[in-house]
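Chains as they are written, first to last, in my numbering: chain A, 92 to 431; chain B, 92 to 431.
Data block below; observations after.
There are 2 protein chains.
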Amino acid sequence: MIKTPYLLFLGDAPDQLAAKVAQGVKDWRPEFAIGQFRMEGCNADMGPPDMGLQEAIAAGCKTLVIGVANRGGVISPAWKKVLVQALEEGLDIASGLHNLLRDEADLVAVAEACGRELHDVRIPSVKYPIANGVKRTGKRCLAVGTDCSVGKMYTALSMEREMHARGLNATFRATGQTGILITGDGVPLDAVIADFMAGSIEYLTPDNDADHWDLIEGQGSLFHVSYSGVTMALIHGGQPDALILCHEPTRAHMRGLPGYKLPSLKALNDLALELAKVANPACHVVGISVNTQHMAEDEARTYLASLEREFRLPATDPFRFGAGKLVDALVQGDQYALAG
Amino acid sequence: MIKTPYLLFLGDAPDQLAAKVAQGVKDWRPEFAIGQFRMEGCNADMGPPDMGLQEAIAAGCKTLVIGVANRGGVISPAWKKVLVQALEEGLDIASGLHNLLRDEADLVAVAEACGRELHDVRIPSVKYPIANGVKRTGKRCLAVGTDCSVGKMYTALSMEREMHARGLNATFRATGQTGILITGDGVPLDAVIADFMAGSIEYLTPDNDADHWDLIEGQGSLFHVSYSGVTMALIHGGQPDALILCHEPTRAHMRGLPGYKLPSLKALNDLALELAKVANPACHVVGISVNTQHMAEDEARTYLASLEREFRLPATDPFRFGAGKLVDALVQGDQYALAG
């Protein structure tokens, strides 16, 4: 687990988009985003006060989070100077960069000398078990998508926020690097060794209170041939009680696979539910989350209404219209019946 | 790739069963099994002549294959002496043991000094790509099972043998450590990192002659919650043209999962075919391979006949009755229709 709160390191981010990770922390765990550290040439601004390293430590920061994608795949000398100083001053460092902190000899040496931790969230830090399939207490909800990158993380995070606002017992469970950096914990599932994938999700979502919901971040898609095995492990390791179907209706083809068309939401519903029932016969689909960013508002509302009629399930875009409908469906445990 | 032929190292194997890997080489690649090396206390005998290290090298052996499961998870000092000598004399070493050759400092040092290779087949030696899903030339057949360990490797190897006997163009593609040691090449799929699973199978089964069949070794089961993600990656990375359904009808529950019943062959047929069609819409199920070892012969024949009536597919136990029926179905490309 990464110690919180954070100092968000924006480096020399050329624009706001390059600081996607920092933006995620600011949006979803604002209480972790105590300060930001910006270097010369930085054009991003996440909002929290600019702080020097000592100032951040005085404010209670425990970890410097690299909140920006670097250019060219190397940690620049300019960054390096700040990172070494941060370790010396008393901060751990967490990063989701492709090039690992642990491969930088100077960072490793300083971290060891100063007793600090380097967190490379792309790489598992736990020896996960092989899944045993035993039914766990508490409840679990998993977002599954017709494709990759259709809003599964956003859906789960927005449901968690809505549930907390209602005083409900729920935890977002991160399965990718951005989610791990946002929340300080999780499983980097795409980097887990094949035999331990489902076991890592069992580990991530252990026995819990009877009224507790794990909101598990989805990955990949059952219909995406590059990553479908990862999705399968989430379904069987997560043994969800509830599925949320996620979709982006304007895609011409599967992400990164020009030869592959998207499946229908009906196909996703049927396949995901059949597979989920292997691990949990009581599983049901509770709602549909649509990323409508490429649709006009009236077009989006019309489309969502048509899905609700077709599937007899609540359908919304949680970014545009809130996650309330999805949470209603989850907590009411309504037994929607799928229309033929 | 592991250099062949082999000297089969049986060590101090207490019985024939402990030398399963050596038995596999002897059964399926007898031309690789030039000699065996037995130590004091060895109660296994694979049949090829006993040879010393120099004798084996003179006979053309290139690699000493550890053909026995060791006790207690460590390479014993008695073994170590032989292994070091083998490297010095001129043999590579290949092993599927849990404890890795590469973690034995003395073996690593001698191998480097002598220019020999250490093959730990449990660990990938290749940086596999992410799957791109592009259709490849040549044809592929994949064995899928209702459960783990129902005879998928045996089915594929026996089909390869039958196809070679008929002069057909076919290659068994190993996806597990035993298969890799038997054939000298393959992908240790259970040890591949999640994101690269499907890509590793694309790598294993590249473009080939139009009349060539890859016979891909199956792993796990879509219905086995511990390993289903691995099976999924095989189906989507392998983009099979043909599926063989594998089953062991006397199992009380899924292997290692007391709470999980086996699915029906019909359920396997429908699910595997639906998933395979995502990557290859032309895929069809060509036959059923049943492990009937716990049934009397007449009982087995009656059961197989009932499956043939139910599924309108050839059904056999390749160990007991040969793989001829499965190969007939594969090469005739018969379009069997599944009875409702």
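Idealized CB from N, CA, C, for every residue including glycine.
Source: prediction; values computed, not measured.
What first and last residue would you give for the beta strand (DSSP E) that runs through residue i?
i: Gln145(A); result: Here Gln145(A) belongs to no beta strand (DSSP E); instead the alpha helix (DSSP H) covers 144 to 149.
i: Asp211(A); result: 209 to 211
i: Cys133(A); result: From DSSP, Cys133(A) is part of no beta strand (DSSP E); its letter is neither H nor E.
i: Ser186(A); result: 183 to 186
i: Tyr219(B); result: Where Tyr219(B) is concerned, there is no enclosing beta strand (DSSP E), given that its DSSP letter is neither H nor E.
i: Ile335(B); result: 333 to 338
i: Val156(B); result: 154 to 157
i: Ala124(A); result: 124 to 129
i: Tyr97(A); result: 97 to 102
Leaving out five residues on either side along the sequence, give the residues of the same chain with a beta carbon under 7 Å from the beta carbon of residue i.
i: Ile367(B); result: Per the sequence shown, the amino acid found at residue 367(B) is Ala instead of Ile. The answer, listed in chain order, is Ile326, Pro331, Leu334, Cys374.
i: Ala430(A); result: Summary for Ala430(A): the model assigns pLDDT 36, below 50, so the residue's position carries little reliability, and this model does not support an answer.
i: Asn371(A); result: Gln330, Pro331, Asp332
i: Pro340(A); result: Val381, Tyr394
i: Gln268(A); result: Gly187, Val212, Arg213, Pro279
i: Cys205(B); result: Leu178, Glu179
i: Asp425(B); result: Reliability fails at Asp425(B), whose pLDDT of 44 lies under 50, so the model's placement of it is uncertain and the value that follows must be treated cautiously. There are no such residues.
i: Ser319(A); result: Gly311, Ser312, Leu313
i: Val165(A); result: Asn190
i: Gly138(A); result: Lys117
i: Pro140(A); result: Gly126
Less than 8 Å separating the beta-carbons of residue i and residue j?
i: Phe314(A); j: Val321(B); result: no
i: Ile157(A); j: Leu108(A); result: no
i: Ala234(B); j: Ser397(B); result: no
i: Phe100(A); j: Leu144(A); result: no
i: Cys152(A); j: Leu198(A); result: no
i: Gly242(B); j: Cys133(B); result: no
i: His344(A); j: Lys357(A); result: no
i: Val116(B); j: Ile271(B); result: no
i: Ser433(A); j: Ala363(A); result: Nothing about residue 433(A) can be reported from this structure: the residues present for chain A run from 92 to 431 only.
i: Ala288(B); j: Ala282(A); result: According to the sequence displayed, residue 288(B) carries Met and not Ala. Going by C-beta atoms, Met288(B) is not nearer than 8 Å to Ala282(A).
i: Arg342(B); j: Asp238(B); result: yes
i: Ala391(B); j: Asp419(B); result: no
i: Met254(B); j: Glu308(B); result: no
i: Val159(A); j: Ala113(A); result: yes
i: Gly126(B); j: Tyr219(B); result: no
i: Met142(B); j: Leu98(B); result: yes
Near residue i, which residues of its chain fall below 8 Å by C-beta distance, leaving aside the five closest residues on each side in sequence?
i: Asp300(A); result: Thr228, Gly229, Asn260
i: Ser216(A); result: His210
i: Val175(B); result: Asp197, Leu198, Val201
For the candidate residues the options, whose alpha-carbon lies nearest to that of residue i?
i: Glu146(A); options: Phe128(A), Gly132(A), Gly347(A); result: Phe128(A)
i: Phe412(A); options: Val422(A), Val112(A), Lys357(A), Leu395(A); result: Leu395(A)
i: Ala149(B); options: Trp170(B), Val175(B), Glu180(B); result: Glu180(B)
i: Ile184(B); options: Gly258(B), Gly275(B), Met288(B); result: Gly275(B)
i: Glu122(B); options: Thr95(B), Pro279(B), Pro349(B); result: Thr95(B)
i: Gly350(B); options: Gly115(A), Asn223(A), Cys205(A); result: Asn223(A)
i: Ser167(A); options: Pro139(A), Ala420(A), Gly102(A); result: Gly102(A)
i: Ala135(A); options: Cys232(A), Ala110(A), Met254(A), Gly290(A); result: Ala110(A)
i: Leu295(A); options: Val316(A), Cys232(A), Asn360(A), Asp408(A); result: Cys232(A)
i: Pro105(B); options: Met130(B), Asp118(B), Met92(B); result: Met130(B)
i: Ala406(B); options: Glu308(B), Gly290(B), Thr246(B); result: Thr246(B)
i: Gly258(B); options: Asp141(B), Val422(B), Ala391(B); result: Val422(B)
i: Val316(B); options: Ala387(B), Gly347(B), Ser240(B), Leu192(B); result: Gly347(B)
i: Arg377(A); options: Gln384(A), Glu195(A), Gly126(A), Asp361(A); result: One point to set straight first is that residue 377(A) is Val, not Arg, in the sequence displayed. With distances taken between Cα atoms, Val377(A) lies closest to Asp361(A).
i: Met386(B); options: Glu365(B), Glu399(B), Phe410(B); result: Phe410(B)
i: Pro354(B); options: Glu365(A), Leu359(A), Pro354(A), Ser355(A); result: Glu365(A)
Where does the unbroken alpha helix (DSSP H) through residue i begin, and where does it stop?
i: Gln176(A); result: 168 to 180
i: Arg115(B); result: In the sequence under discussion, the amino acid at residue 115(B) is Gly, which differs from the Arg named in the question. Looking at the DSSP string, the run of the alpha helix (DSSP H) that includes Gly115(B) is 111 to 119.
i: Asp197(A); result: 196 to 205
Once the 5 residues before and after residue i are set aside, which same chain residues still bring their CB inside 6 Å of it?
i: Glu251(A); result: Ala261, Phe263, Leu306
i: Thr208(B); result: According to the sequence displayed, residue 208(B) carries Glu and not Thr. Around Glu208(B): Asp183.
i: Ala324(A); result: Met288, Ala289
i: Glu293(B); result: Ala222, Gly328
i: Asp298(A); result: Arg227, Thr228
i: Ala169(B); result: none
i: Glu399(A); result: Ala406
Quick check on the DSSP output: what are the complete alpha helix (DSSP H) runs of length 4 or more inside the segment 360 to 426 of chain A, in order along the chain?
388 to 402, 409 to 412, 415 to 423
Can you list the alpha helix (DSSP H) stretches of 4 or more residues lying completely in the segment 233 to 320 of chain B, in chain order?
243 to 256, 268 to 274, 288 to 295
When you check each C-beta in the segment 282 to 303 of chain B against every C-beta of chain D, which residues fall closer than 8 Å?
This model lacks chain D altogether, as its protein chains are A and B.
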